[in-house]
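Working notes, structure below.
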Amino acid sequence: MSIRKVFKLDGKEIVFEDGDTIMDAALRAGEYIPHLCHNPEFKPHGSCRVCIVDFNGRKVSSCTQPAIENSEVESNSDEIMGQRRALLQMLFVEGNHVCPACEKSGACQLQAVAYYTKMLSPHFTHFFPQRSVDASHVDMAIDFNRCILCELCVRASRDVDKKNVFTISGRGIKSHLVINSPSGKLGDSAFSANDKAAQVCPVGAILPKHQGYDNPIGQRLYDKHPISVVGDVAAQNEDEKR
Amino acid sequence: MDVDEFIFNMTALTNNQSSYLLQHLHAIQYQYSYIPEQAVTLLANRLSLTEAHIQGVVGFYSFLHDSPRGTFDVLMSNNITDDIRGGLALTEKLYSELGVLPGVPRRDGRVTVDTTSCIGMSDHGPSMLVNGRTITHLDNKRVEDIIGFIESGTAIEKWPKRFFQIKDNIQRRDILLSDDSKSGDVLRTFNQQGSDHILQELEASGLRGRGGAGFTTAMKWRLCQQTDADQRYVVCNADEGEPGTFKDRVLLNSYADKVFEGMTLCAGIIGSRKGFLYLRGEYHYLRPALEVTLHNRRKQGLLGSNILGQSNFEFDIEIHMGAGAYICGEESALIESLEGKRGIPRKRPPFPVTQGYKNKPTVVNNVETFMTAALVAIHGATWLRSVGTKESTGSKLLSVSGDCSKPGVYEYPYGVTIEQILSDSGASNSQVVQVAGAAGITLAADEFQRRIAFEDISTAGSIMVFNQQRNLLDMVKNFTHFFVHESCGFCTPCRVGTSLMKDLVKKVHSGHASEYDLGEIRNIARLMQASSHCGLGATAPNSVLDTLEKFPQIYDQRLKHTDYEPAFDLDASLEEARSINGRDDADAHIGTAS
Numbered sequence: 018m019s020i021r022k023v024f025k026l027d028g029k030e031i032v033f034e035d036g037d038t039i040m041d042a043a044l045r046a047g048e049y050i051p052h053l054c055h056n057p058e059f060k061p062h063g064s065c066r067v068c069i070v071d072f073n074g075r076k077v078s079s080c081t082q083p084a085i086e087n088s089e090v091e092s093n094s095d096e097i098m099g100q101r102r103a104l105l106q107m108l109f110v111e112g113n114h115v116c117p118a119c120e121k122s123g124a125c126q127l128q129a130v131a132y133y134t135k136m137l138s139p140h141f142t143h144f145f146p147q148r149s150v151d152a153s154h155v156d157m158a159i160d161f162n163r164c165i166l167c168e169l170c171v172r173a174s175r176d177v178d179k180k181n182v183f184t185i186s187g188r189g190i191k192s193h194l195v196i197n198s199p200s201g202k203l204g205d206s207a208f209s210a211n212d213k214a215a216q217v218c219p220v221g222a223i224l225p226k227h228q229g230y231d232n233p234i235g236q237r238l239y240d241k242h243p244i245s246v247v248g249d250v251a252a253q254n255e256d257e258k259r
Numbered sequence: 019m020d021v022d023e024f025i026f027n028m029t030a031l032t033n034n035q036s037s038y039l040l041q042h043l044h045a046i047q048y049q050y051s052y053i054p055e056q057a058v059t060l061l062a063n064r065l066s067l068t069e070a071h072i073q074g075v076v077g078f079y080s081f082l083h084d085s086p087r088g089t090f091d092v093l094m095s096n097n098i099t100d101d102i103r104g105g106l107a108l109t110e111k112l113y114s115e116l117g118v119l120p121g122v123p124r125r126d127g128r129v130t131v132d133t134t135s136c137i138g139m140s141d142h143g144p145s146m147l148v149n150g151r152t153i154t155h156l157d158n159k160r161v162e163d164i165i166g167f168i169e170s171g172t173a174i175e176k177w178p179k180r181f182f183q184i185k186d187n188i189q190r191r192d193i194l195l196s197d198d199s200k201s202g203d204v205l206r207t208f209n210q211q212g213s214d215h216i217l218q219e220l221e222a223s224g225l226r227g228r229g230g231a232g233f234t235t236a237m238k239w240r241l242c243q244q245t246d247a248d249q250r251y252v253v254c255n256a257d258e259g260e261p262g263t264f265k266d267r268v269l270l271n272s273y274a275d276k277v278f279e280g281m282t283l284c285a286g287i288i289g290s291r292k293g294f295l296y297l298r299g300e301y302h303y304l305r306p307a308l309e310v311t312l313h314n315r316r317k318q319g320l321l322g323s324n325i326l327g328q329s330n331f332e333f334d335i336e337i338h339m340g341a342g343a344y345i346c347g348e349e350s351a352l353i354e355s356l357e358g359k360r361g362i363p364r365k366r367p368p369f370p371v372t373q374g375y376k377n378k379p380t381v382v383n384n385v386e387t388f389m390t391a392a393l394v395a396i397h398g399a400t401w402l403r404s405v406g407t408k409e410s411t412g413s414k415l416l417s418v419s420g421d422c423s424k425p426g427v428y429e430y431p432y433g434v435t436i437e438q439i440l441s442d443s444g445a446s447n448s449q450v451v452q453v454a455g456a457a458g459i460t461l462a463a464d465e466f467q468r469r470i471a472f473e474d475i476s477t478a479g480s481i482m483v484f485n486q487q488r489n490l491l492d493m494v495k496n497f498t499h500f501f502v503h504e505s506c507g508f509c510t511p512c513r514v515g516t517s518l519m520k521d522l523v524k525k526v527h528s529g530h531a532s533e534y535d536l537g538e539i540r541n542i543a544r545l546m547q548a549s550s551h552c553g554l555g556a557t558a559p560n561s562v563l564d565t566l567e568k569f570p571q572i573y574d575q576r577l578k579h580t581d582y583e584p585a586f587d588l589d590a591s592l593e594e595a596r597s598i599n600g601r602d603d604a605d606a607h608i609g610t611a612s
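Protein sequence lines, in the order shown, are assigned to chains A and B. So for the first sequence, the numbering used here puts the first residue at 18; every next one is plus one. So for the second sequence, the numbering used here puts the first residue at 19; every next one is plus one.
As structure tokens, this is what we get:
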């Protein structure tokens, strides 16, 4: 019989296995830690920093931090929730997020995590960056205004679809998603609506065309239950994704 | 040679290994002044990479461009030490007299002018790079001459030699810089005494990394040696990008042989056959002489196979160029860059010492650390312990610049006080000393008794002095700009936080901020410190927090005494409308009286 290893998350014992991160073990135990760039199907990334927790006295991203026996992890404190809220506000002002008019509203993880952290306003000064929409593909469109640089599409296209359709260019605040095709347009790339990369966007940046608001706002995934109960939008069946 | 042939030859020489991507891009940029589309396609083909991947790498490094630069590509160093010595005005002069906008090629394709982060010449007055070549001691006269040469189309090879003069400026020598050992002495000692003995000496010497973090060198080498692997690597971090530092420039100019000897010693101990010198793009001018030194060492049997006749000792060193990215001084970002990728810091653990270059155990040390380790091997632990403090043995090279009459490199025993440095470098009436660069610590006059040592102030060696006449907010503003430019963009708090911070400091600087904004600055700073992915984001707010605490008056005297002020200036926002209407009369302005 293997020895049962545990750590404490907000005082609660969480069982983990060797190789688990704090996030892995917490999710398996049904404990929600807010996250955006993490998706259990992919290699942890640790870029959005929304999943930060206090780990033996210092802040770490729970999606990348290996679980350690008998460690104390704090996730739901006012301090950490405030920091997560500020990180979300940064993501909101960095891009152009117009929730009331967005097709993803109600099934958007950025919006749902923002509600979870009780974010009521973007707080910081908006950057209003000049970004474009790429509707060149037959089935899918990309609205770069909503991209939060989680690189889930990059990872899915590289690791699952084996197509490497997406990558990041630029540096710092000028970092942006680029598409691998002769014209730089999605329509000229190897991308397909059946790709894993088409299913993983946590926000409304990569969306199917030819449909809109089929599911009325107010009756969508996170309109019915908070994200802490239903989890990631990418993990839902197709009907619930919008 | 056409682009195709150029790339074909280059990629063939390195067996189409994708890890050479950045090196190829650097060479193409140098040759053609940009990375043509055709080059991206061909490189993608030869190296089995996607074009977007290459585009992503080009987009990451400041010195790579996807559209042509001017025939003369001018980059003014914009470190605060350049700014306060007239660099700002000279940059403006270049823009206006050459008739260009920052970073935009002039219509005739003759010239581009832009700014760049500290180019490691803070002891040489305002400086610039022109087509990758360093020009120092800029003043009105020299800039006018340069403008003349650019306008007349005079090839840079024909510009006066004195423009390119770079001195070592060594102002004080201690045990390191006064050593007179000969090429090969270290390796001969190693052959006689063996790995175990040398490691014991290193351990007993107490040598710690000179890059600032201060990890014990012997422990790093031992960990690497003990990690099971078929290949191990030695990497010398010569990406000194900390604003205000330049001591590695001097070591590589005049002591490169000892640095290479230290790398070879490390290779012999850990069992490595391959090493890299990662040289910052700004130091491109040093490369030819460094290649000659490497060549000579090969001829002397100190590099290559059968080193000093030992059949089992094989090691060689290759120079890899950086291309304008401060973050690549962080060891895991440096390794990503060595692999030809965007310089994004890795998640740690694993640390490079067990999984570094190509996921093999890798020792990454600072230039100065390798040289010091080499000399410990010859002279023993007692030599290093003869100076310094108990916890910080040996000496430290400091790069002193700013408001002092004798800027340059000073080698001091660890434990030297700031006051001593100021006195020796001819600094008087000093207001603050900024130690360890933009991410470092701002010391006020009542702290000048503090010491350079791991147990007090740890630094890679940048010392920037500011006298009482300087406006400290200029320094803070400069540093916040620096971090916006140098953030890699991977994590949210650093990518967005650096921009928010820059805007808020600018708001204070321009007299539009209120007490509320100072609270915002503190909150963002704390968030960046706590939640950033790497040290860059965590230390970026240091100068803001330090000055807020120690010099609150520089902020307070510029505040509007209201609870809240908008982020924008209403009157300034009307500027575009005024210029369209061709108006500038009193009625076209709002609220300027306040």
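Heads up, the beta-carbon is just placed ideally off N, CA and C, and yes, glycines get one too.
- The beta carbons of B/Phe294 and B/Leu356 sit closer together than 7 Å.
- Put simply, the backbone Cα of B/Glu354 is about 9 Å away from that of B/Lys376.
- Counting along the chain, the unbroken alpha helix (DSSP H) around B/Met546 starts and ends at Glu533 to Ser549.
- Ranked by Cα distance from B/Tyr296, the first of B/Arg316, B/Leu119, B/Asn330 and B/Ala343 is B/Ala343.
- Beta bridge pairing from DSSP links B/Lys414 with B/Tyr430.
- Within chain A, no residue has its CB atom less than 9 Å from the CB of B/Cys346, the nearest being about 11 Å off.
- Taking a beta-carbon distance threshold of 7 Å, A/Phe33 does not count as an interface residue toward chain B.
- For the region 500–518 of chain B, the set of residues with a beta-carbon nearer than 9 Å to any beta-carbon of chain A comprises Phe501, Val502, His503, Glu504, Ser505, Cys506, Gly507, Phe508, Cys509, Thr510, Pro511, Cys512, Arg513, Val514, Gly515, Thr516, Ser517 and Leu518, in chain order.
- At a beta-carbon threshold of 8 Å, none of the residues of chain A lie near B/Ala45; the nearest stands roughly 20 Å away.
- Bounds of the beta strand (DSSP E) holding B/Thr134 are Val129 to Thr134.
- C-alpha of B/Ser66 to C-alpha of B/Val75: approximately 15 Å in a straight line.
- Within the region 547–563 of chain B, the residues whose Cβ lies closer than 8 Å to any Cβ of chain A are, in chain order, Ala548, Ser549, Ser550 and His551.
- Annotated three-state conformation of A/His193 is strand, per DSSP.
- For B/Gln56, there is no enclosing beta strand (DSSP E); the residue is part of the alpha helix (DSSP H) that begins and ends at Glu55 to Leu65.
- Assigned with DSSP and collapsed to three states, B/Glu336 falls in strand.
- As for any beta strand (DSSP E) of minimum length 3 sitting wholly inside the region 289–323 of chain B, the runs are 292–297, ordered along the chain.
- One finds nothing in chain A with a Cβ atom closer than 9 Å to the Cβ of B/His83; even the nearest lies about 13 Å away.
- Contact with chain A is found for B/Thr68, since one of that chain's Cβ atoms lies less than 7 Å from the residue's Cβ.
- Residue contact check for A/Glu111 against chain B: a CB pair falls below 7 Å.
- The residue from B/Gly166, B/Lys111, B/Leu522 and B/Ile174 with its alpha-carbon nearest to that of B/Thr89 is B/Ile174.
- In this structure, B/Ala478 lies near B/Thr263, with their beta-carbon atoms less than 7 Å apart.
- For A/Glu91, DSSP records a beta bridge to A/Asp71.
- The three-state secondary structure of A/Lys76, taken from DSSP, is strand.
- The shortest CA-to-CA distance from B/Gly347 to any of B/Gly299, B/Asp602 and B/Leu93 is the one to B/Gly299.
- Shown in chain order are the members of the region 88–108 of chain A whose Cβ falls below 8 Å from a Cβ of chain B: Gln100, Ala103, Leu104, Met107 and Leu108.
- Taken atom to atom, the span from the alpha-carbon of B/Gly286 to that of B/Tyr273 is near 20 Å.
- Counting along the chain, the unbroken beta strand (DSSP E) around A/Leu224 starts and ends at Ile223 to Pro225.
- Around A/Ser186, the beta-carbon contacts reaching into chain B at under 9 Å are Ala70, Gln73, Gly74, Val75, Val76, Gly77, Phe78 and Arg360.
- Annotation for B/Asp91: Thr130 and Asn149 place their beta carbon closer than 6 Å to its own, counting only its chain and skipping 5 residues before and after.
- By the neighbour-count criterion, in which 16 or more other beta carbons inside 10 Å mark a residue as buried, B/Val204 falls on the buried side.
- Taking C-beta atoms under 8 Å as the contact rule, B/Ile439 and B/Ile481 qualify, at a distance of about 6 Å.
- Burial state of B/Ser528 is exposed, judged by a 10 Å Cβ sphere holding fewer than 16 other Cβ atoms.
- A Cβ-Cβ contact shorter than 7 Å links B/Tyr432 with B/Gly406.
- With respect to B/Ser413, B/Leu220 sits apart: the two C-beta atoms are not nearer than 7 Å.
- For B/Leu352, the nearest beta carbon of chain A is not closer than 7 Å to its own beta carbon.
- The region 359–366 of chain B and the region 322–334 of chain B do not touch, with fewer than 3 CB-CB distances between them shorter than 8 Å.
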